[in-house]
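**Student:**
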Amino acid sequence: MEIAHLVIVFMVVFLHHGRNVASTKPTVQTLNTNAEFFNPKLPPRTLSSSKKYEGSSDLVNLRYHMGPVLSSAPINIYLIWYGKWAVSQKLLIKDFLLSISTTDRRAAPSPSVAEWWRTVSLYTDQTGANVSRSVVVAGEYSDLRYSHGSSLTRLSVQQVIANAVRSAPLPVDHKQGIYLILTSQDVTVQDFCRAVCGFHYFTFPSLVGYTLPYAWVGNSGKQCPEVCAYPFAIPGYMAGGGPVALSPPNRDVGVDGMISVIGHELAELASNPLVNAWYAGEDPTAPTEIGDLCEGLYGTGGGGGYIGQVMRDTGGRTFNVNGRKGRRFLVQWIWSPVLKACAGPNAMD
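Numbering (the numbering used here), first residue to last: 3 to 351.
As structure tokens, this is what we get:
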């Protein structure tokens, strides 16, 4: 959904992040490691029988509702680290965010995170201005003392933002800013694991004092990796003869699991920051956005419970895009308004 990244146990939900690896030529890999295996518990995810583009369909009524997109450059991301985070974990996530603007192919070879973001940048506002391709980490705030406890509600997530801007470590950025709240693995959040792995919305002036676009994503490493970090962890019902858990690109199931959700929410936040721009459906309180349309698709051949053709390095770590500093990530595809299909830079068709 546009507001919430829905996660149903019987659906394929992926999240991933990259790290330094050897620069050897990767091999193609699919989640279906046994060609004879078919798991009927995973429903088909394709929207039509098209063989050219995964998820392609003329039936998807994605429409523009005249609201703004994040077209001003750069998009300023303000990070709020809620709880305890290792420095290495912060660096991984920041490298993903900064890879969005890394267009030098020597710094980030194709298929790259920046190429993945190009699909997001195809979305425009009513003036014809595209979502910006420039993204920076404009500020950070660490809430080490769990200012609102270790169990948050959707409203208290907004209060965490209010705490960050009122105490002045972060500015109030109405025009170019988005606020990304990341909760550590010991923090529970309303609906986390049960219904969502992340969500985005905008703050209420009554709570925060301002209307600011924001997103929240949780670290599922200890709470529900089989739900929010699949396929790096496998649900119990899939054990025994089915697909095996894939190796995360950075050996951190929780943080690698967050990356695709972060990408999903940022793509939707950029194209629908105030929930009145790009989405499908008639109900703005339960919209289907550009990330939702491609849930579970990571490569060519995806659908029916499989992520599609992705890559793995010589250490067996799975990825589909390259980032800065030799990082590698696994991020879900995004709906393209040009192809009218799910698209990613690692496509093979």
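Even glycine gets a Cβ: it sits at the ideal position worked out from N, Cα and C. Note that the structure is predicted; figures quoted are calculated from it, not measured.
#1: In the DSSP assignment, what are the bridge partners of C344?
#2: Between which two residues does the alpha helix (DSSP H) carrying F98 extend?
#3: Could you give the DSSP three-state label for A140: helix, strand or coil?
#4: Three-state secondary structure (DSSP) at N78?
#5: For K86, I'd like the list of residues in its chain whose CB is within less than 6 Å of its CB, leaving aside the five on either flank, ordered along the chain.
#6: Starting from T121, follow the alpha helix (DSSP H) in both directions and report where the run begins and ends.
#7: Should L81 and Y143 be called a contact, given that it needs their Cβ atoms to be closer than 9 Å?
#8: How about the region 156-171 and the region 204-221: do they share at least three Cβ pairs that are nearer than 8 Å?
#9: Can you tell me whether A170 is buried or exposed? The criterion is at least 16 other CB atoms within 10 Å of its CB, across all chains shown.
#10: I need the DSSP call for V198, collapsed to helix, strand or coil.
#11: How should D285 be labelled, buried or exposed, when 16 other C-beta atoms within 10 angstroms of its C-beta is the threshold for buried?
#12: With distance defined between alpha-carbon atoms, name the residue in A247, Y216, D315 nearest to V277.
#13: Would G304 pass as a contact of E267 if the rule is Cβ separation under 9 Å?
#14: DSSP three-state label for G304, please.
#15: Where are the beta strand (DSSP E) runs, 3 residues long or more, that stay fully inside the region 133-178, in chain order?
#16: Based on the DSSP secondary-structure assignment, which residues constitute the bridge partners of N324?
#17: In three-state DSSP terms, what is A269?
#18: Measure how close the beta-carbons of A131 and S73 come, nearest whole angstrom, since I'm counting them as under 8 Å.
#19: Would you report the Cα separation of P289 and N63, rounded to the nearest angstrom?
#20: Are there 16 or more other CB atoms within 10 angstroms of the CB of Q160, so buried, or fewer, so exposed?
#21: When the distance is taken between beta carbons, is V191 closer than 9 Å to G211?
#22: Apart from the five residues just before and just after V137, which ones in its own chain have a Cβ nearer than 7 Å to its Cβ?
#23: Would you decide whether Y239 is buried or exposed? Buried here means 16 or more other CB atoms lie within 10 Å of its CB.
#24: So is the beta-carbon of Y216 under 8 Å away from any non-hydrogen atom of the ligand GTP?
**Tutor:** In brief:
#1: Walking along the sequence shown from the start, residue 344 turns up at place 342. In DSSP, C344 forms a bridge with W337.
#2: Locating residue 98 in the sequence shown gives position 96, where the first residue counts as 1. 89-101 is the span of the alpha helix (DSSP H), which, as asked, contains F98.
#3: Locating residue 140 in the sequence shown gives position 138, where the first residue counts as 1. A140 falls in the strand class under three-state DSSP.
#4: Position 76 of the sequence shown, counted from the start, is the residue given in the question as residue 78. It is a strand residue.
#5: Mapped onto the sequence shown, residue 86 falls at position 84. Closer than 6 Å at Cβ, skipping near neighbours: S186.
#6: In the sequence shown, counting from the first residue as 1, residue 121 sits at position 119. Note, T121: alpha helix (DSSP H), 115-122.
#7: Walking along the sequence shown from the start, residue 81 turns up at place 79. Walking along the sequence shown from the start, residue 143 turns up at place 141. In contact: L81 and Y143 (Cβ atoms closer than 9 Å).
#8: yes
#9: Position 168 of the sequence shown, counting from 1, holds the residue named residue 170. Exposed: under 16 other Cβ atoms inside 10 Å.
#10: Counting from 1 along the sequence shown, the entry for residue 198 is found at position 196. The DSSP-derived three-state label of V198 is strand.
#11: The residue labelled residue 285 in the question sits at position 283 within the sequence shown. D285 is exposed by the Cβ-count criterion.
#12: Here the question's residue 277 lines up with position 275 in the sequence shown. When each option's Cα is compared against that of V277, the closest is Y216.
#13: The count along the sequence shown starts at 1 and reaches residue 304 at position 302. The count along the sequence shown starts at 1 and reaches residue 267 at position 265. No, Cβ-Cβ distance for G304 and E267 is not below 9 Å.
#14: Counting from one through the sequence shown, the residue named residue 304 turns up at place 302. If DSSP states are grouped into helix, strand and coil, G304 belongs with coil.
#15: 137-145
#16: By 1-based counting over the sequence shown, the position of residue 324 is 322. S114, R330.
#17: Start at 1 with the first residue of the sequence shown, and residue 269 comes out as number 267. Reduced to three states, the DSSP call for A269 is helix.
#18: Sequence index remark: in the sequence shown, residue 131 carries index 129 (1-based). Sequence index remark: in the sequence shown, residue 73 carries index 71 (1-based). Between S73 and A131 the Cβ distance is about 4 Å, and since that is below 8 Å, they are a contact.
#19: As a first step, residue 289 must be located in the sequence shown, where it is residue number 287. As a first step, residue 63 must be located in the sequence shown, where it is residue number 61. Roughly 11 Å between the two C-alpha positions.
#20: The residue given as residue 160 occupies position 158 in the sequence shown. Answer is buried; the Cβ neighbour count reaches 16.
#21: Numbered from 1 along the sequence shown, position 209 holds the residue referred to as residue 211. Numbered from 1 along the sequence shown, position 189 holds the residue referred to as residue 191. It is not a contact, given that the beta carbons lie outside the stated cut-off.
#22: Here residue 137 refers to the residue found at position 135 when the sequence shown is read from its first residue. Cβ neighbours of V137 beyond the five flanking positions: P76, I77, I79, L99, I102, S103.
#23: For this step, residue 239 is matched to residue 237 along the sequence shown. Looking at its Cβ environment, which holds fewer than 16 other Cβ atoms inside 10 Å, Y239 is exposed.
#24: The ligand content of the structure shown is nil, which means the ligand GTP is not present either.
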